[in-house]
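Protein chains: 2
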Amino acid sequence: MILSEFSLIDDYIATSATMRPDVCVGIGDDCAVLEVPTGKSLAVSMDTLVAGRHFIDGADAVNLGHKALAVNLSDLAAMGAEPAWATLSLTMPEADVLWLQAFMQGFLALADRFGVQLVGGDTTRGPLSITVQIHGFVDPCQMMRRDGAQPGDLIYVTGSLGDAGLALRLQQAGKLDIVHHQQLLQRLDSPAPRITEGMQLASIATAAIDLSDGLVGDLGHIVRQSNCGATIELQRLPCSTAVKAAIAESNEWSLPLSSGDDYELCFTVPAEKQQQLQQLAAILDCPLTRIGVIEQKSGIRCVTAEGAGIDVKSGYDHFR
Amino acid sequence: MILSEFSLIDDYIATSATMRPDVCVGIGDDCAVLEVPTGKSLAVSMDTLVAGRHFIDGADAVNLGHKALAVNLSDLAAMGAEPAWATLSLTMPEADVLWLQAFMQGFLALADRFGVQLVGGDTTRGPLSITVQIHGFVDPCQMMRRDGAQPGDLIYVTGSLGDAGLALRLQQAGKLDIVHHQQLLQRLDSPAPRITEGMQLASIATAAIDLSDGLVGDLGHIVRQSNCGATIELQRLPCSTAVKAAIAESNEWSLPLSSGDDYELCFTVPAEKQQQLQQLAAILDCPLTRIGVIEQKSGIRCVTAEGAGIDVKSGYDHFR
Numbered sequence: 001m002i003l004s005e006f007s008l009i010d011d012y013i014a015t016s017a018t019m020r021p022d023v024c025v026g027i028g029d030d031c032a033v034l035e036v037p038t039g040k041s042l043a044v045s046m047d048t049l050v051a052g053r054h055f056i057d058g059a060d061a062v063n064l065g066h067k068a069l070a071v072n073l074s075d076l077a078a079m080g081a082e083p084a085w086a087t088l089s090l091t092m093p094e095a096d097v098l099w100l101q102a103f104m105q106g107f108l109a110l111a112d113r114f115g116v117q118l119v120g121g122d123t124t125r126g127p128l129s130i131t132v133q134i135h136g137f138v139d140p141c142q143m144m145r146r147d148g149a150q151p152g153d154l155i156y157v158t159g160s161l162g163d164a165g166l167a168l169r170l171q172q173a174g175k176l177d178i179v180h181h182q183q184l185l186q187r188l189d190s191p192a193p194r195i196t197e198g199m200q201l202a203s204i205a206t207a208a209i210d211l212s213d214g215l216v217g218d219l220g221h222i223v224r225q226s227n228c229g230a231t232i233e234l235q236r237l238p239c240s241t242a243v244k245a246a247i248a249e250s251n252e253w254s255l256p257l258s259s260g261d262d263y264e265l266c267f268t269v270p271a272e273k274q275q276q277l278q279q280l281a282a283i284l285d286c287p288l289t290r291i292g293v294i295e296q297k298s299g300i301r302c303v304t305a306e307g308a309g310i311d312v313k314s315g316y317d318h319f320r
Numbered sequence: 001m002i003l004s005e006f007s008l009i010d011d012y013i014a015t016s017a018t019m020r021p022d023v024c025v026g027i028g029d030d031c032a033v034l035e036v037p038t039g040k041s042l043a044v045s046m047d048t049l050v051a052g053r054h055f056i057d058g059a060d061a062v063n064l065g066h067k068a069l070a071v072n073l074s075d076l077a078a079m080g081a082e083p084a085w086a087t088l089s090l091t092m093p094e095a096d097v098l099w100l101q102a103f104m105q106g107f108l109a110l111a112d113r114f115g116v117q118l119v120g121g122d123t124t125r126g127p128l129s130i131t132v133q134i135h136g137f138v139d140p141c142q143m144m145r146r147d148g149a150q151p152g153d154l155i156y157v158t159g160s161l162g163d164a165g166l167a168l169r170l171q172q173a174g175k176l177d178i179v180h181h182q183q184l185l186q187r188l189d190s191p192a193p194r195i196t197e198g199m200q201l202a203s204i205a206t207a208a209i210d211l212s213d214g215l216v217g218d219l220g221h222i223v224r225q226s227n228c229g230a231t232i233e234l235q236r237l238p239c240s241t242a243v244k245a246a247i248a249e250s251n252e253w254s255l256p257l258s259s260g261d262d263y264e265l266c267f268t269v270p271a272e273k274q275q276q277l278q279q280l281a282a283i284l285d286c287p288l289t290r291i292g293v294i295e296q297k298s299g300i301r302c303v304t305a306e307g308a309g310i311d312v313k314s315g316y317d318h319f320r
């Protein structure tokens, strides 16, 4: 069933359940018109997912709708921002109603969970590609930039590392068992952006980034932009039982260090704020784990429990 | 020469000449952080251009950079908004430095002309596709929506209609002479968004839209959303000598009525504000031409000088 662009927008896309009072004009005019609250700054991030690069052809449409929004929400989380609005540009080879319904189901379910209203965008025909821009609010005095880390700050991550990378590795090796590896696969296909955590951390952390390309690559942005370096203690890295087993079997640490798609937050905290952080950790439904320390010396060093250094691969690069 | 994603961003994209004081955080963090002026609302619009659909493979990269931003600026113009920031997601089959330099040259030259700063986005590998989101400011009491037209309002357009459509028609027929048809081609490849005109018209017009899909299709959005109809007087349509000759030769009006890509504004004005509009027209460097009238009866009617009605084709639809 092939639909026209206009009825696509009317029937399947402009169906956001969340209706925010700060949206003056939503979908259906030349622009969306939006109200940023007094005293807040606007935080925006844009990400594109391309078929065959960010997801396999034939990927589940519900998961894809979820993930397209989740990766953008994760950028807001890394800034400590509160989500508000999204725009969506969807390029599709054909107007497949069932696919579009499933995609929007995944997209809007996550949007509703975080009070996000879809306010505009574009639909066009072409190779499958999804661009989302997310908009949120930050307190300009409490946002987490990448360039605020100081030598002596402690490095933390939310949640656990390497699950999404392990799911991808098993999938590519044809060894993924959908029932047995359900939890791993969910980390890859349907990541949970750390919005609540980011908003709570904004008043404590000196710097933050979300882990989309892998810990070493992403922490690398923090240390370069903050003009410092870091040491990571490998035995502290929070990993699931499955990832721990894979590390033990392969005798290498690339899963937690350099596989991407975890969408956890990596952030730095002054040593004197550790107690405040522990109080926060007690009320959050997500582990916060100290994994290392910021140092004056540039570069990132990874050390084993015995103090030995190891080589690490860096992040993922679309043009290498 | 193949580059990495990160050096692409650093070397060729993050080179906006315009540096605005309302940009707290620009390219290089998880989010851009931006300040909307007190008393203003944020207007946003997102458009995607796909190779083979919106432009031919091998299209001039400078023009493409210009056009990708121009079509978005045109949406701001139709709302009466003042441009501020852009985000750009660029999907490219390979990181071709010469192409990218040319593309950014076209994009940033137009951005600088309107004081727009590029504040973020994404680069990824895949079939060539360009998504731009533009951000501007509107006075919430003076923005031009599509749904504000009233029976009796006079319908106007800026500039002239059909030049871009004629250039495309000649191009597709292999009859385009780059020297002889230079002006026509410029209208197609390098449209001038009517930003100044839109901002000035915001206090006078009751409704507006930009002409991307053709006059009848786009005016159709105004009359449907305003719950009314319209009559267009064909002999009033402002057309260049070349378009007038093409109409005379073909004996049909599709060029000014339904060819797209003009990026002029179509707007409606209460009859009692005609004098105010004429005062404005005198100071604008762009003709404003009355082409018809809004009526209670739904639908769009086109009449010749003799009062005869003609059939019209509607707008362009990506999924038909």
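Chains as they are written, first to last, in our numbering: chain X, 1 to 320; chain F, 1 to 320. Heads up, the beta-carbon is just placed ideally off N, CA and C, and yes, glycines get one too. All of these numbers come straight from a predicted model, not from anything done at the bench.
Item	Value
Residue ranges of each beta strand (DSSP E) within the segment 234-260 of chain X, 3 or longer	none
Identity of the residue in F:Val23, F:Thr268, F:Pro21, F:Ala305 nearest F:Ala149 by Cα	F:Thr268
Interface partners of X:Cys31 on chain F, CB under 7 Å	Ala43, Val44, Ser45, Asp75, Leu76, Met79, Ala81
Inter-residue spacing [alpha-carbon to alpha-carbon] between F:Leu237 and F:Leu211	14 Å
Contained alpha helix (DSSP H) runs [length at least 4] in the segment 24-101 of chain F, N- to C-terminal order	61-79
Contact list for X:Pro21 against chain F, beta-carbon separation under 9 Å	Neighbours of X:Pro21 on chain F: none; closest Cβ ~13 Å, over 9 Å.
Range covered by the beta strand (DSSP E) that runs through X:Arg125	117-125
Distance, F:Leu49 Cα to F:His66 Cα	12 Å
C-beta atoms of F:Ile300 and F:Val216 nearer than 8 Å	yes
Own chain, CB closer than 7 Å to F:Ala246, minus 5 neighbours either side, in chain order	Leu166, Leu255
X:Cys141 classed as buried or exposed, judged by whether at least 16 other C-beta atoms fall within 10 angstroms	exposed
When F:Ile222, F:Ala282, F:Gly26 are compared against F:Arg146, the one with the closest alpha-carbon	F:Ile222
Chain X contact for F:Met1 (CB, 8 Å cutoff)	Because the pLDDT of F:Met1 is 41, which lies under 50, any placement of that residue in the model is unreliable, and the question is left without a value.
Cβ neighbours of X:Lys273 in the same chain (closer than 7 Å, five flanking residues each side left out)	Ile204
F:Leu98 classed as buried or exposed, judged by whether at least 16 other C-beta atoms fall within 10 angstroms	exposed
Three-state class that DSSP yields for F:Phe267 in the structure shown	strand
Between the CA atoms of F:Asp218 and X:Asp262 - distance to the nearest angstrom	44 Å
The segment 107-126 of chain X / the segment 102-115 of chain F touching (three or more Cβ pairs under 8 Å)	no
Host beta strand (DSSP E) of F:Gly136 (start-end)	129-138
Spatial distance of X:Ile134 from F:Val62 (CA atoms)	28 Å
Start-to-end residues for the alpha helix (DSSP H) that takes in F:Leu219	215-225
Proximal residues of chain F, C-beta to C-beta of X:Leu108 below 8 Å	Neighbours of X:Leu108 on chain F: none; closest Cβ ~17 Å, over 8 Å.
Within 7 Å of chain F by C-beta, residues of the segment 206-218 of chain X in sequence order	Ile209, Asp210
Given X:Gln200 as reference, the closest of X:Gly39, X:Met79, X:Gly260 once Cα atoms are compared	X:Met79
Interface residues of chain F facing X:Arg146 [CB-CB closer than 8 Å]	Gly28, Asp29, Asp30
Helix, strand or coil at X:Gly162 [DSSP, three-state]	coil
F:Glu249, buried or exposed, once every other Cβ within 10 Å from all chains shown has been counted against 16	exposed
is_contact[X:Arg301, chain F] using C-beta, thresh 8 Å	no
Cutoff 8 Å: F:Val50 Cβ touching any chain X Cβ	yes
Span separating the alpha-carbon of X:Met92 from that of F:Pro127	12 Å
X:Ile401 versus F:Cys302: straight-line alpha-carbon distance, rounded	Here chain X comprises residues numbered 1 to 320, so residue 401 of chain X is not present and cannot be evaluated.
Chain-ordered chain F contacts of X:Ser129 [CB-CB under 7 Å]	Thr91, Gly126, Ser129
Span separating the alpha-carbon of X:Arg320 from that of X:Asp163	Only weak support exists for where X:Arg320 lies, its pLDDT of 49 falling under 50; the value from the coordinates is given anyway. Straight-line Cα distance between these residues: approximately 24 Å.
Where F:Arg53 meets chain X, residues with beta-carbon distance less than 7 Å	Thr124, Arg125, Gly126
Where X:Arg301 falls: helix, strand or coil (DSSP)	strand
Reduced DSSP secondary structure (H/G/I, E/B, other) of F:Gly309	strand
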